[in-house]
Amino acid sequence: MSEHYDVIVIGTGAGGGTLARHLAPSGKRILLLERGDWLPREPGNWSTEDVFVKGRYISPDSWYDVKGKAFFQPQVHYFVGGATKLYGAALYRMREQDFGDIHHHDGLSPAWPISYQDMEPYYTAAETMYQVHGARGEDPTEPSASAPYPYPAVSHEPRIQQLSDDLEKGGYHPFHAPCGILLNEANRPYSICVRCGDCDGFPCPLHAKSDAEVLGVRPALEHANVTLLRNARAVKLETNPAGTAVTEVVVERDGETERYAGDIVVVSCGAANSAKLLLASASDKHPAGLANSSDQVGRNFMYHDSQAVLALSKDPNPTVFQKTLGVNDFYFSGPDFDYPMGNIQMIGKSQAAMFRGEKPLETKFAPNWALRDVAEHAVDFWLSTEDLPQPDNRVTLGPDGNVHILYTPSNPTAAKRLYHQLKSMLGSLGMHENHLAHRFAYMKTDIPVAGCAHQAGTVRFGADPATSVLDPSCRAHEVDNLYVADTSIFPSISAVNPALTAMANAIRVGDHILGRLG
Ligand SMILES: Cc1cc2nc3c(=O)[nH]c(=O)nc-3n(C[C@H](O)[C@H](O)[C@H](O)COP(=O)(O)OP(=O)(O)OC[C@H]3O[C@@H](n4cnc5c(N)ncnc54)[C@H](O)[C@@H]3O)c2cc1C
Ligand code: SF4
33 MSEHYDVIVI GTGAGGGTLA RHLAPSGKRI LLLERGDWLP REPGNWSTED
83 VFVKGRYISP DSWYDVKGKA FFQPQVHYFV GGATKLYGAA LYRMREQDFG
133 DIHHHDGLSP AWPISYQDME PYYTAAETMY QVHGARGEDP TEPSASAPYP
183 YPAVSHEPRI QQLSDDLEKG GYHPFHAPCG ILLNEANRPY SICVRCGDCD
233 GFPCPLHAKS DAEVLGVRPA LEHANVTLLR NARAVKLETN PAGTAVTEVV
283 VERDGETERY AGDIVVVSCG AANSAKLLLA SASDKHPAGL ANSSDQVGRN
333 FMYHDSQAVL ALSKDPNPTV FQKTLGVNDF YFSGPDFDYP MGNIQMIGKS
383 QAAMFRGEKP LETKFAPNWA LRDVAEHAVD FWLSTEDLPQ PDNRVTLGPD
433 GNVHILYTPS NPTAAKRLYH QLKSMLGSLG MHENHLAHRF AYMKTDIPVA
483 GCAHQAGTVR FGADPATSVL DPSCRAHEVD NLYVADTSIF PSISAVNPAL
533 TAMANAIRVG DHILGRLG
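Its first residue numbered 33, the sequence shown is counted upward by one per residue in the numbering used here.
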């Protein structure tokens, strides 16, 4: 007989880890199932060679194209805390307009079934839980907020402050990027975060990053009613004979098959793996996959149309923690372009060793000094354009049970315009004009890691059961006790980073579940 819980949460990343912490004080019996283990705290956490060149924390999975040809090793991370263990912790709210229809150059970004006002209190709760640093009132596109950021903005280092000043002189509106690091600049000797250069894309051995292990799962486990099973991979959800409720979660752990039952089951495995689990749970009552009579499970896989680019500063750029500035002046339109272009933000500072990891063949014979010189002068930007949902961009399950992905990029015109916009500004920003190289910051192949890092869609929520998998509370239209709480629920992805929205929505879903459990 299986063990019985009030709530089973599958996956402990931005969605599942946040939900666990929100549910924990209720006293309900909660089981967390996580396919990964604790991410080891070790010197390798901060080794560029280990992290970027050897891919020490990347899953060994192979994902396939539709023809079944293995086409990349996805840069996904299976650990307690999920992708947030390595994320850059830029914790943005979606813009208010992102919750409605937005017309882009290449198509429509569809509305969410809830409004920004519905989500606002949960954004505030998520910013509190994840101790976000930021400054309101600087970014003209920022949505209204019911509370200030819980912590002051992370200061710019001198070269980035200069960049901010130059942008302002040019009539733009640079802002302090919202940032989830446990940094106390007023009292550095007592700060957990040491403001190092190995944050974006690295795990933090100090546990100073606002990730879902540190601020989600660990605080949840302080409650005796919460149990975490690590190395426990959910492989199937089984239902009652009518197919209307999940009765058991089938789990593989240490080579054994185990079964767990819960009144409520929440899937939070990340966009590709949440779709995979539902598709793998097909049955007589759900022949196309669990909760999938709409044929929407797996569809509308999105990531950001992202470009990691490197400009060369005329003066050296000795910045250590670079991810402190953002620009949204081109979020909704740009000069001579009436459609949204996207968000500009900084990314982790280039290091010479990273280039070897990113382009091993091209850099193999380059002298170290040349790479070092580039890295010393590099100012690194992340350009993020909205990827539009397309039904044929989808995750399916191969006969071998592996994830298969069919994906064609969307919105390339807007992405190109954003790139050329930044390039046209370099001369006035103390950088070499017309030099804006693609950095391919987290990739070794021609599939950008963002394809996995910012993955979303696949189990969209909506009011209409014919076109969505989940209802507005993120409960499956067809399965009464099944919820999904991760980035897979996104009907559209906006152009800002997705984690805070996944966290806020998980708290919203948690409130709904608590109300239901009584
Ligand atoms: C390098 C990098 C940088 C990033 N930077 C940012 C940033 O600056 N800002 C931002 O907002 N976002 C950023 N992101 C993206 C952000 O981390 C993700 O959007 C977010 O973590 C997604 O949350 P999730 O809950 O959907 O999935 P995840 O956080 O990936 O969590 C899914 C969890 O489910 C587990 N799991 C999967 N399948 C199963 C199964 N079958 N059984 C049990 N457990 C399972 C996984 O191991 C994982 O722990 C970054 C990501 C990466 C990789
Ligand atoms: S900047 Fe702070 S949070 Fe990020 S890795 Fe360094 S110490 Fe950790």
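Note that the Cβ used here is the ideal one computed from N, Cα and C, for glycine as well.
What is the DSSP secondary structure of residue i, reduced to helix, strand or coil?
i, result
"Asn-305", "helix"
"Thr-490", "coil"
"Gly-132", "coil"
"Met-126", "coil"
"Pro-504", "coil"
"Asp-518", "coil"
"His-208", "strand"
"Tyr-292", "strand"
"Glu-74", "coil"
"Phe-362", "coil"
"Gly-48", "helix"
"Ser-147", "coil"
"Ala-115", "helix"
"Phe-369", "strand"
"Lys-476", "In this prediction, Lys-476 scores a pLDDT of 39, lower than 50, which makes its location untrustworthy; the coordinate-derived value is nonetheless stated afterwards. Coil, per DSSP."
"Phe-84", "helix"
"Tyr-154", "helix"
"Asp-69", "strand"
"Pro-184", "strand"
"His-16", "This structure does not reach residue 16, given that the chain is present from 33 up to 550, and the question cannot be answered."
"His-54", "helix"
"Val-27", "An answer regarding residue 27 cannot be provided, because it is not within the stretch 33 to 550 covered by the chain."
"Leu-311", "helix"
"Ala-398", "Here Ala-398 scores only 46 on pLDDT, less than 50, and its place in the model is too uncertain to base an answer on."
Since residue i is in the beta strand (DSSP E), which residue starts that stretch and which ends it?
i, result
"Asp-38", "35-42"
"Met-378", "375-378"
"Asp-543", "That residue, Asp-543, is in no beta strand (DSSP E); its alpha helix (DSSP H) goes 531-549."
"Arg-285", "278-285"
"Leu-468", "463-470"
"Ser-64", "What sits at residue 64 in the sequence shown is Leu, not Ser. That run of the beta strand (DSSP E) goes 62-65."
"Leu-140", "139-141"
Our contact map puts residue i next to residue j with C-beta atoms below 8 angstroms; I'd like the distance itself, whole angstroms only.
i, j, result
"Val-278", "Tyr-292", "The Cβ separation is near 10 angstroms, so there is no contact."
"Gly-47", "Ser-300", "4 angstroms"
"Gly-114", "Gly-43", "6 angstroms"
"Gln-107", "Ala-485", "6 angstroms"
"Gly-462", "Gln-194", "6 angstroms"
"Val-352", "Arg-191", "Rounded, the Cβ-Cβ distance is 10 angstroms, inconsistent with contact."
"Tyr-451", "Gln-339", "6 angstroms"
"Ala-323", "His-509", "7 angstroms"
"Pro-523", "Ala-446", "Their Cβ separation, rounded to whole angstroms, is 19 angstroms, which puts Pro-523 and Ala-446 out of contact at 8 angstroms."
"Val-613", "Ala-264", "Nothing about residue 613 can be read from this structure; the chain reaches only from 33 to 550."
"Gly-233", "Gly-380", "6 angstroms"
"Lys-241", "Ala-121", "6 angstroms"
"Cys-231", "Leu-215", "Wrong, their Cβ atoms sit about 10 angstroms apart, outside the cutoff."
"Ala-531", "Thr-116", "6 angstroms"
"Ser-326", "Pro-497", "6 angstroms"
Assuming residue i is part of the alpha helix (DSSP H), what are its boundary residues?
i, result
"Glu-200", "190-201"
"His-452", "444-457"
Indicate, with yes or no, if ligand 4 has a heavy atom lying under 7 angstroms from the CB of residue i.
i, result
"Leu-215", "Among the ligands in the structure shown, ligand 4 does not appear; only ligand 1 and ligand 2 can be found there."
Fill in: Entirely enclosed beta strand (DSSP E) segments - the stretch 322-349, minimum 3 residues
337-345
Worksheet entry | Every unbroken beta strand (DSSP E) within the stretch 409-435, with a cutoff of 3 residues, ordered by chain | 410-417, 426-429
Discussion item. Contact between the stretch 71-79 and the stretch 228-237 is defined here as three or more beta-carbon pairs at a separation below 8 angstroms; is this criterion met?
Written reply: yes
Item to complete: Pick out the complete alpha helix (DSSP H) segments inside the stretch 223-277, 4 residues or longer, and give them in chain order.
Response: 250-253
Fill in: Inter-stretch contact at 8 angstroms, needing at least 3 Cβ pairs: the stretch 206-219 / the stretch 354-367
yes
Discussion item. Contact between the stretch 250-267 and the stretch 485-492 is defined here as three or more beta-carbon pairs at a separation below 8 angstroms; is this criterion met?
Written reply: no
Worksheet item: Is there contact here, the stretch 333-342 with the stretch 418-428, by at least three beta-carbon pairs under 8 angstroms?
Response: yes
Worksheet item: Does the count of Cβ pairs from the stretch 336-350 and the stretch 533-542 closer than 8 angstroms reach three?
Response: In short, these stretches do not touch, since the Cβ pair count stays below three.
Worksheet item: Hey, is the stretch 257-275 in contact with the stretch 312-327, meaning 3+ C-beta pairs nearer than 8 angstroms?
Response: yes
Item to complete: Decide yes or no for the touch test of the stretch 528-536 against the stretch 144-160: beta carbon pairs closer than 8 angstroms, at least 3 of them.
Response: yes
Worksheet item: Are the stretch 425-433 and the stretch 499-507 touching by the rule of at least three beta carbon pairs closer than 8 angstroms?
Response: no
Worksheet item: Any contact of the stretch 125-136 with the stretch 58-68, i.e. 3+ C-beta pairs under 8 angstroms?
Response: no
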